[in-house]
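Report on the structure given below.
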Amino acid sequence: MNILELHNLKKYFATQKAVDDISFEVEQGSIFGLLGPNGAGKTTLLRMITGIFYPDSGHIIFNGKKYDPVNDVAYIGYMPEERGLYKKMKIGEQAIYLARLKGLSKTDAIEKIKAWFVKFEMQSWWNKKVEDLSKGMSQKLQFVTTVLHEPKLIILDEPFSGLDPVNANLIKDEIFNLAKKGSTIIFSTHRMEQVEEICSHIVLVNKGNKILDGTVTDIKNRFKENIYKIEAKTSAENLMTYIFEVIKHQPQELLIKLQHDSTTNDVLKHFINQDIAIHSFNEVLPTLNDIFIKLVEGTPEARQFQEIK
Amino acid sequence: MNKISLILKREYITRVRNKTFLLSTFLLPIVMMLFIFGTAFFAMSAKDKFKKVAVVNDPGLFTVNLKSDSTRMQFVFTSNVDSTNFTEKGYDAVLDLHNDSASRRFTVHSKKQLGIEGTQLIENRLDRAFEKERLMKKGIQKETLDSISKETSGMFAIENRLTNEKGVSEGVNAKVNYGIGFGSGILIYITMFIFGAMVMRGVMEEKTNRIAEVMVSSVKPFQLMMGKIFGIAAVGLTQLLLWVVLLIALSTIAGYFLPSEIIQQAGQASNNIPGGMNQNSQMAMQLSHMLKNFSNVNWFMIIGCFMFYFLGGYLFYASLFAAIGSVINEDPQEAQSLMLPITMPIIFGFIILTSNLSTPDSTVMVWASIIPFTSPIVMMGRVPSGVPWPQLLLSMVLLIGGFLFTTWLAGKIYRTGILMYGKKASWKEMFKWAFRKS
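Listed in order, the protein sequences are those of chains A and B. The numbering used here applies: residue 4 is where the first sequence begins, and numbers increase by one. The numbering used here applies: residue 244 is where the second sequence begins, and numbers increase by one.
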């Protein structure tokens, strides 16, 4: 079942088509990656999903019904890229306040906050002010306030920026936990290694358009270039063949790309015939980073402003 | 609605618990009382000194009629005193009446400044002496003159009674009305700025802290704005109430502990601020008149109108201040230039009030008290002397309508502005945001 469906969303600003006809679906319980270079329109898209902006055209289906921002925001937790908390407020009070704005009762809020604070070892923070916290600490607090009301849909914009590896892992584990419990997570970033690790499904947007949509393995397979890594002792005369092209040659290791219609078995036969011992033979799939760069490259680095008529 | 009340509560509690709030609430009345009683005290101690003035070179015009003031100054006619030796002879000053008949200017030599009061007293006495001298020259006996002046001093007082529509006459006192109108107008003017700026800074804080985006993902921007505006309104009312209570309490306490002369002097000092230096006896008379007329003032009407215009004026401008706060970034300079179009009408209203307060029914005052941009300040100048019901109602209705309009307008600017970073919005852009269809 899809928790969220976007249908032909459009949002034009005075000088930019920030989001230009984007549609995709997010399955319940999945960890969904929304990727794109800076200024691709990710934040605008997320703001439409969180009800901050209204789309110029198109519609959103949330939880099987037409999205109603006023009531549905209670089921959404949003952590924007630009974090923000009231600096002068005490941490405990701040968490209660934000939770109550999401519709929790005071006692519920306190109970849940205490549980989270124990989990994240933040008990001693209750009466401190936000301005006393370091960046990483306030990031943790921000995460807690985002997921406190057990939203069905959690939207995290660059959740790991500014976190040390220990805390990043802590948050990552929580993300997996929340997904296991049935929450859906939309995860926006341009850090590809995290996406590969965490997300099951991704959408890539660039210049306001969706340019890629699928599961991580699907996409990798779609963009594979038939490159294989072979661990074997070879010399230059062993590699005179039309079956493959050598990309990188080291005494113990070889990177090749299949040529014409040859198959992996052709390659293996080639080496076996020459009586060369093969220690390992692996396909090298492109990293998301490679795919990302390949797709986005060639488009101007920064988005240009254009006149919208 | 529930969300607005949550936001309101937070705004109120964080502000009321703030040290600045506590300091300004409790210190201001104390400082005000200290100021009034301090000036009274200094005025007293300056006056305490009884001055002995030697009068020399009298051409004969003043000898008979120049009267000493029993509490403040004694004139002694002598001849062997001059500006070099008056202190040795036991005088505080020497008044040289060497007649320069063309200019009629005389000189007083003294070690310490006599002050305006001192010189005015001398001038006053000389004038009276000269007047008497002239009258005597025309053949009026000195005794007759003395008895007349005794009879006539402080004999009359004017009481202005107004006849209202029902034909019942009511006592009024232009001075009391002036004082109340001026006081409440200036109070509304100041609080509008203080609390308007508070709203603006609150919005700016939310924007620069980047909490705004988190907030608007839970509540509508309009709710956020209204919660803040109402929260700060509650703060303003609390502060106003505390000031009144504290001022009453402090002046009561002062009444027990301070000598009565200082209290009396303080009463004069606080009433005397706009006016010049009046004679003691006149002052006391005016004071008793004012006190008598205080009970004639329609306090119910004034307090009711004050509350209405205090809140109405604040609400009318607060949302505009919020809109300004939402479009500026961290640079306070930007705030200055964008605030100008909002502060101008407020200042304009204040100028109209102060320059036309003595004629509360003039055309300028009537119009300025109806148009919502200036009405909160100007109307309070008119209320004590009575405003026709249709005008008052029109003014109130327009203010409520104006508040709804500015809030609607500001809400649209606020919604867009609060999430815009990087550049300051121009007036043209804000205009577009405000009037586009959502």
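Ideal Cβ placement from N, Cα and C applies to all residues, glycine included.
Residue i in three-state terms, based on DSSP
i: Met608 of chain B; result: helix
i: Leu304 of chain B; result: coil
i: Gly519 of chain B; result: Confidence at Gly519 of chain B is low in this model, with a pLDDT of 39, below 50, so its placement is unreliable and the value that follows should be read with caution. Note: Gly519 of chain B maps to coil in three-state DSSP.
i: Asn212 of chain A; result: strand
i: Thr192 of chain A; result: strand
i: Ile296 of chain A; result: helix
i: Leu288 of chain A; result: coil
i: Leu166 of chain A; result: coil
i: Phe678 of chain B; result: helix
i: Ala21 of chain A; result: strand
i: Gly32 of chain A; result: coil
i: Gln317 of chain B; result: strand
i: Ser283 of chain A; result: strand
i: Ser60 of chain A; result: strand
i: Ala476 of chain B; result: helix
i: Thr263 of chain B; result: helix
i: Ile567 of chain B; result: helix
i: Gly687 of chain B; result: Lying outside 244 to 681, the shown extent of chain B, residue 687 of chain B is not represented and no answer is given.
i: Ser392 of chain B; result: helix
i: Asn11 of chain A; result: strand
i: Asp325 of chain B; result: coil
i: Lys399 of chain B; result: A small correction: the amino acid at residue 399 of chain B is Phe; Lys does not occupy that position in the sequence shown. It is coil, neither helix nor strand.
i: Gly547 of chain B; result: helix
i: Val298 of chain B; result: strand
Neighbourhood of residue i by C-beta, 6 Å cutoff - its chain only, sequence neighbours within 5 removed
i: Thr489 of chain B; result: One detail in the question is off: residue 489 of chain B reads as Leu in this sequence, not Thr. So the qualifying residues of the chain are Pro272.
i: Leu483 of chain B; result: none
i: Glu161 of chain A; result: Glu84, Thr192
i: Thr70 of chain A; result: Going by the sequence as given, residue 70 of chain A is Tyr instead of Thr. Result list for Tyr70 of chain A: Ile63, in chain order.
i: Lys450 of chain B; result: Ile661
i: Ala239 of chain B; result: Coverage of chain B is limited to positions 244 through 681, which leaves residue 239 of chain B absent and any answer about it impossible.
i: Asn521 of chain B; result: In this prediction, Asn521 of chain B has a pLDDT of 41, which is less than 50 and means its spatial position is unreliable; nothing more can be read from the coordinates.
i: Val249 of chain A; result: Leu242, Ile259
Residue-level contact to chain A via CB, residue i, 8 Å cutoff
i: Thr257 of chain B; result: yes
i: Leu662 of chain B; result: yes
i: Ile454 of chain B; result: yes
i: Val459 of chain B; result: yes
i: Lys246 of chain B; result: yes
i: Val621 of chain B; result: no
i: Leu249 of chain B; result: yes
i: Val570 of chain B; result: no
i: Arg444 of chain B; result: no
i: Val478 of chain B; result: no
i: Arg253 of chain B; result: yes
i: Val462 of chain B; result: yes
Residue-level contact to chain B via CB, residue i, 8 Å cutoff
i: Arg86 of chain A; result: yes
i: Ile55 of chain A; result: yes
i: Met92 of chain A; result: yes
i: Arg103 of chain A; result: yes
i: Tyr81 of chain A; result: yes
i: Val76 of chain A; result: yes
i: Tyr89 of chain A; result: yes
i: Tyr70 of chain A; result: no
i: Tyr100 of chain A; result: yes
Neighbourhood of residue i by C-beta, 8 Å cutoff - its chain only, sequence neighbours within 5 removed
i: Cys548 of chain B; result: Met622, Met623, Val626, Leu635
i: Leu581 of chain B; result: Ile567, Val570, Ile571, Lys667
i: Ala239 of chain A; result: His252
8 Å contact criterion, which residue i and residue j should meet: CB distance rounded
i: Val442 of chain B; j: Ala336 of chain B; result: That belief does not hold up - the Cβ atoms of Val442 of chain B and Ala336 of chain B are roughly 57 Å apart, past 8 Å.
i: Tyr89 of chain A; j: Asn452 of chain B; result: 7 Å
i: Leu207 of chain A; j: Leu298 of chain A; result: 7 Å
i: Asn66 of chain A; j: Lys155 of chain A; result: 7 Å
i: Met275 of chain B; j: Ala497 of chain B; result: Rounded, the Cβ-Cβ distance is 11 Å, inconsistent with contact.
Cβ-based neighbour list, residue i, same chain, cut-off 7 Å, excluding 5 preceding and 5 following
i: Gln126 of chain A; result: Phe120
i: Gly518 of chain B; result: Bear in mind that a pLDDT of 38 at Gly518 of chain B, under 50, signals an unreliable position, so the model cannot answer this.
i: Gln466 of chain B; result: Lys246, Ile247, Ile250
Residue-level contact to chain D via CB, residue i, 8 Å cutoff
i: Val274 of chain B; result: Absent from the structure: chain D. Protein chains present are A and B.
Curious, which full-length alpha helix (DSSP H) runs of at least 4 residues does the stretch 202 to 248 of chain A contain? Fully enclosed alpha helix (DSSP H) runs of 4 or longer: 219 to 225.
Restricting to runs no shorter than 4 residues, where is the alpha helix (DSSP H) found entirely within the stretch 352 to 380 of chain B? DSSP runs (the alpha helix (DSSP H)) wholly in the stretch 352 to 380 of chain B: 358 to 380.
Complete runs of the alpha helix (DSSP H) confined to the stretch 420 to 504 of chain B [at least 4 residues]: Listed in chain order, they are 454 to 459, 464 to 500.
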